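Numbering (full-length UniProt numbering), first residue to last: 1 to 598.
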């Protein structure tokens with residue numbers, strides 16, 4: 001891999017890589033990240049994903065489930081359409097494997113045994129000669145990882161099939177259209193479908209092996225000159241992109257194929273800043289590769305993700321989320337598994353000693369929020385304010401606020417107190433003293449005029465329920481609720497004086513882990529729940545720092561019906577509230593998760 005040597009020698013700033021290599025480049029020691037993506041289609045409807053297809057000659061006796069023993073043509077070792085996706089489709093993956101070195105080529109031996117002969121450019125021809133048996137390069141160029149091997153890349157794999165060398169070519173759906181302009185010529189080929197049928201080449205949406213992302217320009221994760229790379233490529237596509245210049249064409253290779261960029265590329269899109277290599281290729285694709293690398297033993301454990309510095313960092317399989325984040329999680333492919341079982345009204349709490357304002361006169365006051373993006377602290381109250389003002393400039397509506405997760409330099413963080421370090425100020429985790437429901441209530445007690453919390457927050461922190469110095473002397477009757485009709489009511493009247501009722505927090509997980517996470521948590525609940533056998537050893541729904549693993553007022557975890565989607569769980573009214581606030585809600589993670597959806 002020439003690109004890897006150049007990056008290790010600090011002689012390159014950017015490289016264009018196929019999706020399978022994007023993931024490899026994102027791993028140590030390279031730690032590259034995607035900064036620009038190639039797209040096909042139009043600027044109005046850019047397509048950054050392709051279908052992987054298995055292509056055969058029309059009239060041949062080849063079927064997908066009878067490919068064993070046939071001859072195969074591949075784009076290259078480690079490529080998506082030509083390697084990883086065929087492996088996932090053809091080789092059984094339900095048996096444990098020995099862990100592999102991350103950069104070691106995957107499944108070479110299994111594929112060599114599966115086909116009678118292959119051309120897999122970039123494979124080790126000395127160790128696995130059958131993988132290079134059908135390649136057409138001369139001398140040391142045979143099976144080379146470059147266009148010195150005639151059967152390298154998408155066009156090369158298709159040529160391997162055209163020349164009658166292979167029985168099947170694993171390419172992307174556009175390959176036949178890029179290489180055969182005449183429909184009559186294209187009709188000489190067909191696609192192999194997962195149901196063991198065949199379809200014409202233009203039916204790729206119904207007959208494919210899976211989706212994978214387009215090529216990406218990769219740069220260093222730290223000091224990677226992302227802005228400069230984007231500016232250079234954006235200027236280049238403006239001057240030398242499709243139909244821009246006859247002197248030089250950025251997306252054409254007169255002396256080869258797919259040299260700088262894929263010839264079929266129509267333009268570039270900048271990749272969202274939060275997107276890393278794993279997000280770029282997508283979970284299903286990443287999981288398939290991981291499964292091939294480490295086997296199935298990892299399927300029987302679950303890593304929990306929680307907010308704050310009290311938990312381990314790392315990859316996670318499940319976490320508990322507020323409704324606002326369940327929406328983002330759903331867009332990122334997660335599903336609700338279990339729900340925390342408690343009522344949840346959103347309320348606006350004020351001090352009884354400051355009686356001279358109501359819901360209708362909040363403008364200019366000082367506000368306290370659990371965090372940006374949460375139901376009680378942001379989506380519901382700010383949605384109601386937006387409905388009145390039509391403006392997303394919430395920093396101008398309140399004079400000062402503490403809304404953890406906001407720009408630390410904005411007035412939305414002016415009331416925040418941070419923690420042991422100035423860098424913790426306004427952080428959306430327990431480093432910020434005013435983070436979370438109890439934190440927002442503390443903000444009200446010490447600095448603010450109004451706190452947006454859930455109805456139980458006042459009771460948890462008054463009348464001796466919270467022994468911390470700031471709360472131990474607080475009385476429930478010293479606080480009131482603001483009602484939407486302009487009146488005030490005691491904090492015990494939340495049922496008649498609230499801003500909204502919102503979905504409970506829920507445990508979310510990947511679809512493939514959902515059943516295991518559900519069973520594991522029910523088992524833990526029997527041991528460490530409110531009435532658990534081992535309750536004295538560990539309290540699942542209680543924490544020294546509030547709402548750590550679950551909300552502290554959770555009675556139990558309630559089961560959800562199978563196939564409960566995030567939309568079904570949140571319900572139409574809550575989704576409407578999010579839609580109404582849509583232009584005011586910006587999430588870099590949401591941008592990354594929806595990048596390939598156009």
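For each residue, glycine too, the CB sits at the ideal point set by N, CA and C. Treat the numbers as computed from the prediction; the structure is a model and nothing was measured.
Can you tell me whether DSSP reads residue 261 as helix, strand or coil?
coil
Less than 8 Å between the beta carbons of residue 221 and residue 32, yes or no?
Yes; because the gap between Cβ atoms is below 8 Å, this pair is in contact.
Quick check: what's the CA-CA separation for residue 493 versus residue 516?
40 Å
Are the beta-carbon atoms belonging to residue 19 and residue 212 less than 8 Å from one another?
yes
Would you check if the segment 36 to 54 and the segment 169 to 181 touch, i.e. whether three or more CB-CB distances between them fall below 8 Å?
yes
Count Cβ pairs between the segment 389 to 401 and the segment 479 to 496 that sit closer than 8 Å; are there 3 or more?
no
Given a cut-off of 8 Å, decide if residue 36 and residue 271 are closer than it, judged by their beta-carbon atoms.
If you check the CB distance, residue 271 and residue 36 come in under 8 Å.
Quick check on the DSSP output: what are the complete beta strand (DSSP E) runs of length 3 or more inside the segment 375 to 401, in order along the chain?
Within the segment 375 to 401, no complete beta strand (DSSP E) run reaches 3 residues.
Quick one: what does DSSP say residue 184 is sitting in, helix, strand or coil?
Helix.
At which residues does the alpha helix (DSSP H) containing residue 175 begin and terminate?
175 to 179
Touching or not, the segment 244 to 263 and the segment 62 to 82, by the rule of three or more beta carbon pairs under 8 Å?
no
Is the Cβ-Cβ distance between residue 334 and residue 558 less than 8 Å?
no
Tell me the DSSP secondary structure of residue 157 in three-state form.
DSSP places residue 157 in the helix class (H, G or I) of the three-state scheme.
Cβ atoms of residue 532 and residue 556: under 8 Å apart, would you say?
no
Pick out the complete beta strand (DSSP E) segments inside the segment 500 to 538, 3 residues or longer, and give them in chain order.
The segment 500 to 538 contains these whole beta strand (DSSP E) runs: 506 to 510.
Looking only at DSSP bridge pairs, what is residue 136 linked to?
In the DSSP output, where bridge partners are listed per residue, residue 136 has none listed.
Please name the residue in 78, 168, 90, 147 whose C-alpha comes closest to that of residue 117.
Comparing Cα positions, the closest option is 168.
What are the boundary residues of the alpha helix (DSSP H) that includes residue 267?
Here residue 267 belongs to no alpha helix (DSSP H); instead the beta strand (DSSP E) covers 267 to 270.
Looking at residue 346: is its Cβ nearer than 8 Å to the Cβ of residue 491?
no
Secondary structure at residue 583, three-state DSSP: helix, strand or coil?
Here residue 583 carries a helix assignment [DSSP, helix/strand/coil].
Taking just the CA atoms, how far does residue 586 sit from residue 88?
36 Å
Would you call the CB atoms of residue 137 and residue 149 closer than 8 Å?
Yes, these two residues count as a Cβ contact at 8 Å.
For residue 225, which residues from the same chain have a beta carbon less than 6 Å from its beta carbon, with the 5 sequence-adjacent residues on both sides left out?
13
Quick check: the segment 236 to 256 against the segment 57 to 67, are at least 3 beta-carbon pairs closer than 8 Å?
no
When the Cα atoms are used, what is the spatial distance from residue 513 to residue 360?
Distance between the alpha carbons of residue 513 and residue 360 is about 46 Å.
Quick one: what's got a C-beta closer than 7 Å to residue 157's C-beta in the same chain, skipping five residues either side?
73, 74, 75, 82, 151, 169, 170, 171
Within the same chain, show all residues whose beta-carbon is closer than 8 Å to that of residue 571, passing over the 5 residues directly before and after it, in chain order.
503
Can you give me the C-alpha to C-alpha distance between residue 145 and residue 122, rounded to a whole angstrom?
4 Å
Indicate the three-state DSSP secondary structure (helix, strand or coil) for residue 207 in the structure shown.
coil
Buried or exposed for residue 457, going by 16 or more other Cβ atoms inside 10 Å?
Its Cβ being crowded by 16 or more others within 10 Å, residue 457 is buried.
If you compare alpha carbons, which of 264, 120, 198, 184 is closest to residue 41?
It is 264.
Given a cut-off of 8 Å, decide if residue 413 and residue 426 are closer than it, judged by their beta-carbon atoms.
yes
To the nearest angstrom, how far is it from the Cα of residue 330 to the Cα of residue 280?
Residue 330 and residue 280 have their alpha carbons spaced roughly 17 Å apart.
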